[in-house]
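The structure appears right after this line, and notes come after that.
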Amino acid sequence: MKPNPIPPQPGQESVWDYPRPAILEDTNKHLKIICNSVVLAETTRGKRVLETSHPPVYYIPSEDIKLEHLIETPRKTWCEWKGWCSYYDVSVGEKYINNAAWRYFEPTSNFINLQEYYSFYASLMDACYVNDELVKPQSGDFYGGWITNNIVGPFKGEPGTNWW
1 MKPNPIPPQP GQESVWDYPR PAILEDTNKH LKIICNSVVL AETTRGKRVL
51 ETSHPPVYYI PSEDIKLEHL IETPRKTWCE WKGWCSYYDV SVGEKYINNA
101 AWRYFEPTSN FINLQEYYSF YASLMDACYV NDELVKPQSG DFYGGWITNN
151 IVGPFKGEPG TNWW
């Protein structure tokens, strides 16, 4: 199935206008992550990765995260554009979530500025916000995009989109 991109309205971005390979950009949007009623991370010094057909993936600097709630796992993955990635379980109170966050511990040269930043699967958190807007998680269990009202798709991750 070929995607049929939704035309963006004024003030919107289409994921079909994002580049391939992916790029990294700074964002001063207010990002907030809540897990088990605790603000796990909050920043206005984030970064976002933009890639064709994907909603933005937001990353938060380590100093703006309560790192005591993250537990590194043995899981490692490789991205041809971003490099080597480590995964983290999140433990807040009685809530324990496997592989809920990740960071690129050995990024490629184009993503070196992402090295001390973490991202979180919105689908596994109580809530994730961009400028006080509750985000909708990207579908699927592989991608970590955050969908807001100013982003239009269709988005990779939904059924039938594996080969886009």
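Note that the numbering used here has the sequence shown beginning at 1, numbered continuously upward. Where is the CB? At the ideal position from N, CA and C, for every residue including glycine.
Q. Can you tell me whether DSSP reads H54 as helix, strand or coil?
A. strand
Q | Boundaries (first-last residue) of the beta strand (DSSP E) holding N150 | A | Where N150 is concerned, there is no enclosing beta strand (DSSP E), given that its DSSP letter is neither H nor E.
Q. Who are S14's beta bridge partners in DSSP?
A. V152
Q | Classification of I151 by the beta-carbon crowding that lies within 10 angstroms, buried from 16 upward | A | buried
**Q.** Between the CA atoms of S139 and H30 - distance to the nearest angstrom
**A.** 23 Å
Q. Taking buried to mean at least 16 other C-beta atoms within 10 Å of its own C-beta, is Y96 buried or exposed?
A. exposed
**Q.** Residues of its chain near E133, where Cβ-Cβ distance is below 6 Å and the 5 sequence neighbours each way are ignored
**A.** T148
Q: Could you check the C-alpha separation between L24 and P61 for me, to the nearest Å?
A: 14 Å
Q) Across which residues does DSSP place D89 in a beta bridge pair? A) I71
Q: Report all residues from its chain with a CB closer than 6 Å to the CB of Y121; omit the five preceding and five following residues, and keep chain order.
A: A100 and G144
Q: Can you grab the Cα-Cα spacing for the pair F111 / K82, in whole Å?
A: 6 Å
Q.
For a quick check, are the C-beta atoms of T108 and D89 less than 7 Å apart?
A. no
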